């Protein structure tokens with residue numbers, strides 16, 4: 001499903017529940033939950049029940065009631081890494097481990113996030129704007145906007161190196177060369193020295 005289709009689905013779901021949801025709330029909901037329709041349905045049902053028939057789902061309400069997805073925590077982790085806040089990154093990583101998140105899943109999400117940064121950086125260098133990039137790679141324009149802010153901290157070559165480091169971390173995890181949690185922690189430390 002394309003982002004626009006998911007946005008329309010959210011608005012239709014709100015209308016079915018006889019509530020209103022504005023565009024900013026739709027964007028925030030997508031940012032927090034992602035485009036998993038099952039999870040979106042669960043969160044929309046919760047928000048609809050909370051506001052009641054005729055009520056309005058606002059961005060403030062979405063921020064208060066919708067928990068951050070693992071993807072959102074990985075984005076926050078990436079944000080810490082980008083700003084060279086390794087202590088903050090380790091804290092988020094520990095929180096994810098406490099929530100019993102699988103290191104392989106977390107690594108896959110980091111790969112996805114850094115691949116997005118790499119694609120955005122490459123398209124920026126070709127002169128593409130935010131909406132063109134979003135359309136070209138098939139992600140929500142808001143995610144592209146956030147990625148564009150993060151790419152300022154990396155050169156194109158540094159992003160290539162990060163992706164190579166991620167591939168090596170993936171290999172280490174899958175071959176059992178090292179404890180999976182340690183692989184992620186070492187990856188974060190190596191990034192700090194790039």
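Numbering (full-length UniProt numbering), first residue to last: 1 to 194. In this text, a Cβ means the ideal position worked out from N, Cα and C, and glycines have one as well. As the structure is a computational prediction, the values presented were derived from the model and not from experiment.
| query | Are any of the Cβ atoms in chain C nearer than 8 angstroms to that of residue 17? | reply | Here chain C cannot be found, since the structure has a single protein chain.
| query | Quick one: what's got a C-beta closer than 6 angstroms to residue 58's C-beta in the same chain, skipping five residues either side? | reply | For this step, residue 58 is matched to residue 58 along the chain shown. 25.
| said: Please state the DSSP three-state secondary structure of residue 140. | reply: Residue numbering aside, residue 140 sits at position 140 when the chain shown is read from its first letter. DSSP places residue 140 in the coil class of the three-state scheme, outside both helix and strand.
| request: Quick one: residues in its chain with C-beta nearer than 6 angstroms to the C-beta of residue 28, no 5 flanking neighbours on either side, listed in chain order? | output: Here residue 28 is taken as the residue at index 28 of the chain shown, counted from 1. Around residue 28: 59 and 62.
| message | Here's the rule I'm using: 16 or more other beta-carbon atoms within 10 Å means buried, otherwise exposed. How should residue 18 be labelled? | response | Stepping through the chain shown from its first residue, residue 18 is reached at position 18. When all chains shown are included, residue 18 counts as exposed.
| message | Given this structure, state the Cα-to-Cα distance separating residue 50 from residue 13, to the nearest angstrom. | response | Mapped onto the chain shown, residue 50 falls at position 50. Mapped onto the chain shown, residue 13 falls at position 13. Rounded to the nearest angstrom, the two C-alpha atoms are 15 angstroms apart.
| message | Output needed for residue 150: all residues of its chain with C-beta closer than 8 angstroms, excluding positions within five of it in sequence on either side, in chain order. | response | Stepping through the chain shown from its first residue, residue 150 is reached at position 150. Take residue 150, set aside five residues on each side of it, and the residues of its chain with a beta-carbon closer than 8 angstroms to its own are 78, 79, 82 and 117, in chain order.
| message | Considering only DSSP beta bridges, list what residue 20 is partnered with. | response | In the chain shown, counting from the first residue as 1, residue 20 sits at position 20. According to DSSP, residue 20 shares a beta bridge with 56.
| query | Taking Cβ positions, are residue 96 and residue 107 nearer each other than 8 angstroms? | reply | Within the chain shown, the letter at position 96 stands for residue 96. Within the chain shown, the letter at position 107 stands for residue 107. No, Cβ-Cβ distance for residue 96 and residue 107 is not below 8 angstroms.
| query | Roughly how far, in whole angstroms, is the beta-carbon of residue 234 from the beta-carbon of residue 130, given that I think they are within contact range, below 8 angstroms? | reply | The structure shown has nothing for residue 234, since the chain only spans 1 to 194.
| query | Nearest to residue 185 by CA position, among 176, 177 and 169, is which residue? | reply | Counting from 1 along the chain shown, the entry for residue 185 is found at position 185. Closest option to residue 185, Cα to Cα, is 169.
| message | In chain order, what are the residue ranges of uninterrupted alpha helix (DSSP H) at least 4 long that sit wholly in the region 73-105? | response | The region 73-105 contains these whole alpha helix (DSSP H) runs: 86-98.
| field | Beta-carbon spacing of residue 71, residue 20 below 8 angstroms | value | In the chain shown, the residue the question calls residue 71 occupies position 71. In the chain shown, the residue the question calls residue 20 occupies position 20. When the beta-carbon positions are compared, residue 71 and residue 20 stay at least 8 angstroms from each other.
| Coarse secondary structure for residue 118, derived from DSSP in three states | By one-based count along the chain shown, residue 118 stands at place 118. Reduced to three states, the DSSP call for residue 118 is helix.
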